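The block underneath contains the structure these notes are about, expressed in structure tokens.
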Amino acid sequence: MKVTFPHMGNLYIPLKSFFESLGVEVVVPPLSSKRTLELGCKYSPEFACLPFKVTLGNFIEALEMGADTIVMAGGIGPCRFGYYAEVQREILKDLGYRFEMVVLEPPQGHVWDLIKKFKHITSNRSFKEIYVAGKLAWKKLLMADRLDKLANRLRAVEMEKGKTDSVYKRALNLITEARTEQELGAARQQIVKEISSIKKASEKNLLKVGLVGEIYTLLEPFVNFNIEKQLGELGVVVDRSISISQWVRENLLPSFMKSKEPELLAKLAEPYIPCFVGGHGRESVAQIVSYANQGVDGVIHLLPLTCMPEIVAKSVLPKVSKIHSIPVMTLVLDEHSAETGLRTRLEAFVDLIRERKEEKELGVLSWN
Amino acid sequence: MRIGIPRALFYYLYYPFWKTFFEALGHQVILSNPTNKKILKDGLELAVDDACLPVKVFHGHVVDLKDKVDALYIPRIISIEPKEFICPKFLGLPDMIKSSIPDLPPIIDSDLSIYKNKRGFYEHAKSIGTKLGHTEKLTARAFRTALKKLNSYKKSQIIEERLPLDSGQKSFFEDYQSKNQNYGESALKVLLLGHPYNIYDNYISMNIIGKLQRYGVKVITPEIIPTQNLSAGSRYLNKKLFWTLGKNLIGSAYYYMDGGQPIDGIIHLASFGCGPDSIVGELLERKIARSRPVPFIRINIDEHSGEEGFNTRLEAFLDLIEGGSRR
Ligand code: SF4
Ligand code: SF4
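Protein chains in written order, with this note's numbering: chain A, 1038 to 1405; chain B, 3 to 329.
See below:
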């Protein structure tokens, strides 16, 4: 059995670790690329949302490399994601691939269902083995998330351009290669050392931008043209509102293991979107309010074209932006988006918030 | 009080209930005009760019009504079947309206959800009653009357195969008599699939039903197919579809294709950029491509669709199935 899964940012690191610790052979699809997107678009329904298309491309590339078991998450709606796997399976079958698709449906209180599926994939490893493998994978995930956070700050202040990213790449490798918790501990020390070697400019008066929106476009650098890096290059500190570990918590863990934080956060959206609207629509709005409260300079809202929950969010954003006096820019992404257009818009937005910040410091507060 | 109901989205499914309910509470129900050029224009102008056509049109209907009424009824429709949804945009509909349209009258935006259990329908009525200041007793009575009306309406809709089509200003619910479809045994039968608010809104659908009927085609839609047949059809799915409208659509198609009854063609009228349609349409097309028992066409509509091209495609399709049925 050769297991594969879709890409979403660094998600492959813990997944690979998890399956390999259990002795399962893994085929990590090539990182999402133009080819992935082209393949995905060619065989997807025209109006499917972007994550559908790119992940379908991942599967095709992995199947070409010999994968025979696809692990994918499911869902219960209201958004399309919950039905992705069903349609992708049909498409791949019609393309003539032979494979098994294991869909991890959100365990509504039944962590056992999840474990049973894992037992199936891992040919009946013991609960303890699964636990140990899971723990290591989880630690790796947390470390990768932490690394992202640090890099999003460091890029804006590094003295030597590109230094952060080279450290970042090495650090991901170190995390990926660790096979035990001890090794991961050692990797961690090494990473800390390398990070502290990055020379920094003054951290005063930095611009800070928050990223909100649909989770896949936020987490997958290929589809968002590495927006975090691009903003870093423009001297902006980036705070991304969602991390992969959060997503795993929300989607794959039973409710009693979830933290209360998301609920509290959602309250901030109440005047605009008081109820769950699928995906992260309400959360995007709540995050913007929260960023405004923290004094962040501006927010960028990312969504794939036709993304339903984020369209609901987008419709209330003008109001949110006005009331909380925070600039918000929306970026709608699809297979036709171009990097150059995006860069121009980012630069314009950064100029806008920089001017605004300067004016504010002069006491001439004016927005809208 | 004058309560405004936009002639859009779930109007085509629930108007019999809404009208009876509000009137039983002593209110006057005002409907917006049938979709027209101005309504479409207002909708396009005010709604968020990325919304689908039906949601934009809904915005236009709100504009059409808002200065003529004391309150607007824009429920938050979460779920109309246990463990199913409609679409995220229905979940956020009142929020979108409130943010996008200025100077609105008070909005009755009570949640309607029977996701957990069927009592949700009554809870919805109760919440409206409370908002309007009625006693629970009166509300409960109005609810029962309205529910009876809705159920008997739906039943006769299926038995008489009556499509919920308005005629002019008159609502399909008031214009009760004239919609019987009378066709001989030899008439072509076409299964028309799509969201009710797309296929029954003559303006949005470019009068597809009228056109088909003029050609002597008998039009069958999910709304006139008995529920047990719908669910028989949707059982073929590997995983339950969590969108009620999508489930009905797939259920209808599978029922007819797998020999429920002979059918000459299937038309899927989909909204451009509609999330559920993109998934459901794909399942449908794959199913048809694999078994190919029926001619099939998908027509995507949005605000830019031209009527000429639409007619040409429709006619070509009819030629195709006519040829097929003669052979
Ligand atoms: S949240 Fe948006 S991108 Fe994700 S499945 Fe739903 S519509 Fe598609
Ligand atoms: S189901 Fe489709 S057409 Fe209906 S509101 Fe949702 S996206 Fe729009």
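Think of the CB as a built atom: it goes at the ideal place given N, C-alpha and C, for glycine as much as any other residue. It should be emphasised that the depicted structure is a prediction, and the values quoted were computed from it without experimental measurement.
{"Query": "For A/L1093 and A/Q1125, believed in contact at Cβ under 8 Å, the rounded distance", "Result": "5 Å"}
{"Query": "C-beta atoms of A/P1364 and A/G1335 nearer than 7 Å", "Result": "yes"}
{"Query": "Under 7 Å by beta carbon: chain A residues contacting B/K241", "Result": "E1123"}
{"Query": "Residue environment, A/A1406, which counts as buried when at least 16 other CB atoms sit within 10 Å", "Result": "This structure does not reach residue 1406 of chain A, given that chain A is present from 1038 up to 1405, and the question cannot be answered."}
{"Query": "Distance between B/T223 and B/L194 (C-alpha atoms, nearest Å)", "Result": "5 Å"}
{"Query": "CB contact below 7 Å: A/G1315 versus chain B", "Result": "yes"}
{"Query": "Close Cβ partners of A/I1279 (< 6 Å) along its chain, the five nearest in sequence each way excluded", "Result": "I1252 and L1255"}
{"Query": "Per-residue contacts from A/P1043 into chain B (C-beta, under 9 Å)", "Result": "What A/P1043 touches in chain B: nothing, since even the nearest Cβ is about 17 Å away."}
{"Query": "Below-7 Å beta-carbon distance, B/S280 vs any chain A residue", "Result": "yes"}
{"Query": "Buried/exposed call for B/R237, threshold 16 Cβ in 10 Å", "Result": "exposed"}
{"Query": "B/H306 burial status per 10 Å Cβ neighbour count (16 or more: buried)", "Result": "exposed"}
{"Query": "B/P84, buried or exposed, once every other Cβ within 10 Å from all chains shown has been counted against 16", "Result": "exposed"}
{"Query": "Neighbouring residues, chain B, relative to A/Y1120 (Cβ below 8 Å)", "Result": "K241, L243, F244 and I281"}
{"Query": "Any non-hydrogen atom of ligand 2 closer than 6 Å to B/S158 Cβ", "Result": "no"}
{"Query": "Proximity winner among B/G218, B/L140, B/L167 and B/K172, relative to B/E187 (alpha-carbon distances)", "Result": "B/G218"}
{"Query": "Spatial distance of B/P96 from B/L140 (CA atoms)", "Result": "26 Å"}
{"Query": "Residue-chain proximity (B/L134, chain A), Cβ-Cβ < 7 Å", "Result": "no"}
{"Query": "Three-state secondary structure (DSSP) of B/Y75", "Result": "strand"}
{"Query": "Counted within 10 angstroms of its Cβ, other Cβ atoms place B/L67 as buried (16 or more) or exposed", "Result": "buried"}
{"Query": "Proximity to A/S1058 [Cα-Cα], best of A/F1164, A/G1171 and A/V1387", "Result": "A/G1171"}
{"Query": "Environment of B/M98 [buried if 16+ CB atoms lie within 10 Å]", "Result": "buried"}
{"Query": "Neighbourhood of A/V1314 by C-beta distance below 6 Å, restricted to the same chain and skipping five residues each side", "Result": "P1346 and V1349"}
{"Query": "A/G1114 Cβ short of 6 Å to ligand 3 heavy atom set", "Result": "Because ligand 3 does not appear in the structure shown, any question about it cannot be addressed here, the ligands present being ligand 1 and ligand 2."}
{"Query": "Whole-angstrom C-beta distance between B/P56 and B/I355, which should lie under 8 Å", "Result": "Given that chain B is displayed from residue 3 to residue 329, the structure contains no residue 355 of chain B and the question cannot be resolved."}
{"Query": "A/G1316: CB within 6 Å of a non-hydrogen atom of ligand 1", "Result": "yes"}
{"Query": "Residues that A/V1274 bridges to, as DSSP identifies them", "Result": "A/K1245"}
{"Query": "B/F123: contacting residues in chain A (beta-carbon distance under 7 Å)", "Result": "Simply none; closest approach about 17 Å."}
{"Query": "B/R288 at chain C interface by Cβ criterion, 7 Å", "Result": "No chain C appears in this structure, whose protein chains are A and B."}
{"Query": "Among B/F92, B/N153, B/I103 and B/E125, nearest to B/Y17 - alpha-carbon criterion", "Result": "B/N153"}
{"Query": "Test: A/V1079 CB closer than 7 Å to a CB of chain B", "Result": "Per the sequence shown, residue 1079 of chain A should be read as Lys rather than Val. Not one chain B Cβ lies under 7 Å of A/K1079."}
{"Query": "Ligand 1 heavy atom lying under 6 Å from the CB of B/G277", "Result": "yes"}
{"Query": "Unbroken alpha helix (DSSP H) run spanning A/D1131, endpoints", "Result": "F1118 to D1131"}
{"Query": "Contact with chain A by B/V50, beta-carbon distance below 7 Å", "Result": "yes"}
{"Query": "Secondary structure of A/P1299, DSSP reduced to three states", "Result": "helix"}
{"Query": "Host beta strand (DSSP E) of A/V1065 (start-end)", "Result": "Premise fails: A/V1065 is in no beta strand (DSSP E) and is neither H nor E."}
{"Query": "Coarse secondary structure for A/I1152, derived from DSSP in three states", "Result": "helix"}
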